[in-house]
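Student:
There are 2 protein chains.
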Amino acid sequence: MFSKEEREAIYKVIETRRDIRSFKSDPIPIDAIGRILEAAHHAPSVGFMQPWNFVLIESDEVKKQLAWAADKERRALTIHYEEDERASKFLSLKIEGLKEAPLTICVTCDPTRGGSHVLGRNSIPETDMMSTACAIQNMWLASCVEGLAMGWVSFYKKSDVRDILVIPPHIDPVALISIGYTDVYPKAPILESANWEKRRSLQNLIFKDKWGNK
Amino acid sequence: MFSKEEREAIYKVIETRRDIRSFKSDPIPIDAIGRILEAAHHAPSVGFMQPWNFVLIESDEVKKQLAWAADKERRALTIHYEEDERASKFLSLKIEGLKEAPLTICVTCDPTRGGSHVLGRNSIPETDMMSTACAIQNMWLASCVEGLAMGWVSFYKKSDVRDILVIPPHIDPVALISIGYTDVYPKAPILESANWEKRRSLQNLIFKDKWGNK
């Protein structure tokens, strides 16, 4: 079903995709946005519940409010690093580009969608959120092949984002996604280059038949 | 960075990928398994925490135990559908192929990896599980381009799977993945063809600037 070239394209995008925090203001072609959202909507979901919604934010005023919520959370978190040698490193990291990116997408998860007994979610409730994460990963790969940069911001209190976007209390705003063009698309994860965290050896993460059995 | 052909390949795999429950016993080439796990390990993760592990299960004895845990859960869930017209439909659905598939992978999430204050996870703790879901989606796309079928089983009690695979109490066995060749790779999701759930209109899931604003 897939040619060698197609297979190589998949592995190429999986390996080159990066989490980006710096964006140019150039607008995004509307058909690219359409393809990225279609990719999200074709993600797998537990019991086919499709628990996602997408709030597309282009208003500068709303973006400014979201950036305020993220910055408030960043400053609050700094306090948790204050007795840590990482504090100054943390403060120097650029953790979001919400005001720069031409498009922000708030991806939400509706745990009530599909009724009270969604197949599979009945046993493991957090599979609704995991389905939404699969949709986000599809968006990331789609953005990457469109030549667009994407960043997933998780620095905020959900209640702030609910207030700003008027999201009902039972809906979970699981991610703020920034999308735009960028000048810098690094080869390695930003947190790896910044010496914040190392890539682990895959071999050490694999076990055979039982946990701990190499 | 990506050609038109490469872009089309990505959308093709995103759209054709299906959740499969029927497998042939033919063995999987070891290098394909390697590429699928590499794809998982190249998923994004919050604070670059890489919270995943992969328990590869080829032992028939262990597979039999996992299938027992899944079947026990299936029968328990049937009771929740008993006053529902869906009960007989539920019972007729094939929900797992754990004993058929030549390879089962238990994907786990370690919420303690990366220490107490993982960047981003500090604000939204469930981003560890969402990162693991991104890894699973990469595995799915990789399996699909390898001509392999994959199924994500979430019918089990985590405590049963922990007992069977000797997984420590703080590690979360978030998914049982079946991988193998199949004779039937449907065009539409199985739950859609079985009239269990419909594909929603993407247009209805998109809002502009605020929740509810079309």
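Quick mapping for you: the protein sequence lines, in order, are chains F and D. Under our numbering, think of the first position of the first sequence as 1, with each following residue one higher. Under our numbering, think of the first position of the second sequence as 215, with each following residue one higher. Virtual Cβ for every residue (Gly too), placed ideally from N, Cα, C. What you are looking at is a predicted structure, and each value in this text was computed from that prediction instead of being measured.
Determine, using beta-carbon pairs with one atom in the region 400–415 of chain D and one in the region 329–345 of chain D, whether at least three such pairs fall under 8 angstroms.
Tutor: The answer is no - the region 329–345 of chain D does not touch the region 400–415 of chain D, with fewer than three Cβ pairs under 8 angstroms.
Student: Please go through the region 382–418 of chain D and give each complete alpha helix (DSSP H) segment of 4 or more residues, from N-terminal end onward.
Tutor: DSSP runs (the alpha helix (DSSP H)) wholly in the region 382–418 of chain D: 404–407.
Student: I need the boundaries of the alpha helix (DSSP H) containing residue 304 of chain D, first residue and last residue.
Tutor: Element bounds for residue 304 of chain D: 301–306.
Student: Closer than 9 angstroms by beta-carbon distance: list the chain D residues that pair up with residue 41 of chain F, in chain order.
Tutor: Those are 413, 414, 416 and 419, listed as they occur along chain D.
Student: Would you call the region 131–139 of chain F and the region 37–53 of chain F in contact, with 3 or more CB pairs under 8 angstroms?
Tutor: Result yes; three or more Cβ-Cβ pairs closer than 8 angstroms.
Student: So that I know if they touch, is there some Cβ in chain F lying closer than 9 angstroms to that of residue 311 of chain D?
Tutor: No, its Cβ sits nowhere closer than 9 angstroms to a Cβ of chain F.
Student: Going straight from the alpha carbon of residue 231 of chain D to that of residue 134 of chain F, what length do you get?
Tutor: Taking the straight line from one Cα to the other gives about 12 angstroms.
Student: Could you tell me whether the Cβ of residue 298 of chain F comes closer than 9 angstroms to any Cβ of chain D?
Tutor: No statement about residue 298 of chain F is possible, as the shown extent of chain F runs from 1 to 214 and does not include it.
Student: Let's see if you can read the secondary structure: which residues bound the alpha helix (DSSP H) around residue 76 of chain F?
Tutor: Start and end: 60–80.
Student: Would residue 272 of chain D pass as an interface residue toward chain F - the criterion being a Cβ-Cβ separation below 9 angstroms?
Tutor: True, the Cβ-Cβ gap to chain F drops below 9 angstroms.
Student: With 9 angstroms as the threshold, decide whether the Cβ of residue 347 of chain D is near any Cβ in chain F.
Tutor: For residue 347 of chain D, the answer is yes, since a Cβ of chain F falls inside 9 angstroms of its Cβ.
Student: In the region 273–284 of chain D, which residues sit with their C-beta less than 8 angstroms from some C-beta in chain F, listed in chain order?
Tutor: Taking 8 angstroms as the Cβ-Cβ cut-off against chain F, the residues of the region 273–284 of chain D that qualify are 273 and 276.
Student: Could you tell me the alpha carbon to alpha carbon distance between residue 260 of chain D and residue 203 of chain F, rounded to whole angstroms?
Tutor: Approximately 21 angstroms between the Cα atoms of the pair.
Student: Mind checking which residues open and close the beta strand (DSSP E) that includes residue 49 of chain F?
Tutor: Per DSSP, residue 49 of chain F belongs to no beta strand (DSSP E) and is neither H nor E.
Student: Given a cut-off of 9 angstroms, decide if residue 129 of chain F and residue 343 of chain D are closer than it, judged by their beta-carbon atoms.
Tutor: A contact, by the Cβ cut-off of 9 angstroms.
Student: Can you tell me which residues form a DSSP beta bridge with residue 208 of chain F?
Tutor: Bridge partners of residue 208 of chain F: D:270.
Student: Could you give the DSSP three-state label for residue 166 of chain F: helix, strand or coil?
Tutor: It is coil, neither helix nor strand.
Student: What three-state label does DSSP hand residue 32 of chain F in the structure shown?
Tutor: If DSSP states are grouped into helix, strand and coil, residue 32 of chain F belongs with the helices.
Student: Using the Cα positions of residue 8 of chain F and residue 112 of chain F, report the straight-line distance between them to the nearest angstrom.
Tutor: Cα to Cα, residue 8 of chain F sits roughly 39 angstroms from residue 112 of chain F.
Student: For residue 161 of chain F and residue 167 of chain F, I'd like the C-alpha separation in whole angstroms.
Tutor: Cα to Cα, residue 161 of chain F sits roughly 8 angstroms from residue 167 of chain F.
Student: Could you compute how far the alpha carbon of residue 433 of chain D sits from the alpha carbon of residue 312 of chain D?
Tutor: Chain D is shown from 215 up to 428; residue 433 of chain D falls before or after that span and cannot be answered.
Student: Grab me the residues of residue 198 of chain F's own chain with a C-beta within less than 8 angstroms of its C-beta, minus the 5 sequence neighbours each way, in chain order.
Tutor: Excluding residues within five positions, the ones whose Cβ falls inside 8 angstroms are 192.
Student: Can you check whether the CB of residue 124 of chain F is closer than 9 angstroms to the CB of residue 370 of chain D?
Tutor: A contact, by the Cβ cut-off of 9 angstroms.
Student: Checking the sheet assignment: what are the DSSP bridge partners for residue 365 of chain D?
Tutor: DSSP lists D:392 as partners of residue 365 of chain D.
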